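Numbered per my numbering, the sequence shown spans residues 1475 to 1580. Here a beta-carbon is modelled for each residue, glycine too, at the ideal position from N, C-alpha and C. In this text the structure is predicted, and so the values were computed from the model without any measurement. What follows is one structure encoded as structure tokens, with my remarks underneath.
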Amino acid sequence: MTVPAQIEMTGVGVQIAWDNNQTCTYPYRYLRLQCACAACVEEMTGRPILNVAAVPEDIIAVEYLEVGKYALQFLWTDGHNSGIYPFEKLLRLSENDNAVICQGTS
């Protein structure tokens, strides 16, 4: 499994240097909108319930925690902190969404 080798909060987003020699920057607001916790996504249907307009344009992650050996959890400036971002999901986002900027080889 590909895992982060280094994680850094930058001026524009969360930068993750993966152990596959790829470094990806996930813009803060974009990453916040990807939250799949019960407060942001309807548990039974998977339908998003987060009010996108309520998420500030200038939101940032002020801290992160490693969750076991499989995910990250962020503390956001809007007070939200219950989302868990599995490494597999972060990698999928880097492969499938142009909002995530990556350099290096995967």
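Where residue i sits in the DSSP three-state scheme
{"i": "L1524", "result": "coil"}
{"i": "Y1544", "result": "coil"}
{"i": "E1644", "result": "Lying before the first or after the last residue shown, residue 1644 is absent from the chain, which here runs from 1475 to 1580."}
{"i": "S1556", "result": "coil"}
Beta strand (DSSP E) segment containing residue i, residue limits
{"i": "E1540", "result": "1535–1541"}
{"i": "C1511", "result": "Element bounds for C1511: n/a, residue is neither H nor E."}
{"i": "E1482", "result": "1478–1483"}
{"i": "H1499", "result": "Note on identity: in this sequence residue 1499 is Thr, with His being the wrong assignment. T1499 -> beta strand (DSSP E) spans 1496–1501."}
{"i": "V1488", "result": "1487–1492"}
Residues bridged to residue i (per DSSP)
{"i": "A1573", "result": "None, per the DSSP bridge assignment."}
{"i": "P1530", "result": "BP columns for P1530 are empty, so no partner."}
{"i": "G1578", "result": "Q1496"}
{"i": "L1549", "result": "E1537"}
Contact test: residue i Cβ vs the ligand FAD heavy atom, cutoff 7 Å
{"i": "N1495", "result": "Although the ligand FAD was asked about, the structure shown includes no ligands whatsoever."}
Buried or exposed (CB count within 10 angstroms, at least 16 for buried), residue i
{"i": "A1535", "result": "buried"}
{"i": "I1523", "result": "exposed"}
{"i": "R1566", "result": "exposed"}
{"i": "R1521", "result": "exposed"}
{"i": "I1481", "result": "exposed"}
{"i": "Y1559", "result": "buried"}
{"i": "A1546", "result": "Contrary to the premise, residue 1546 reads as Leu rather than Ala in this sequence. With 16 or more Cβ atoms within 10 Å of its Cβ, L1546 is classed as buried."}
{"i": "G1487", "result": "buried"}
{"i": "V1574", "result": "buried"}
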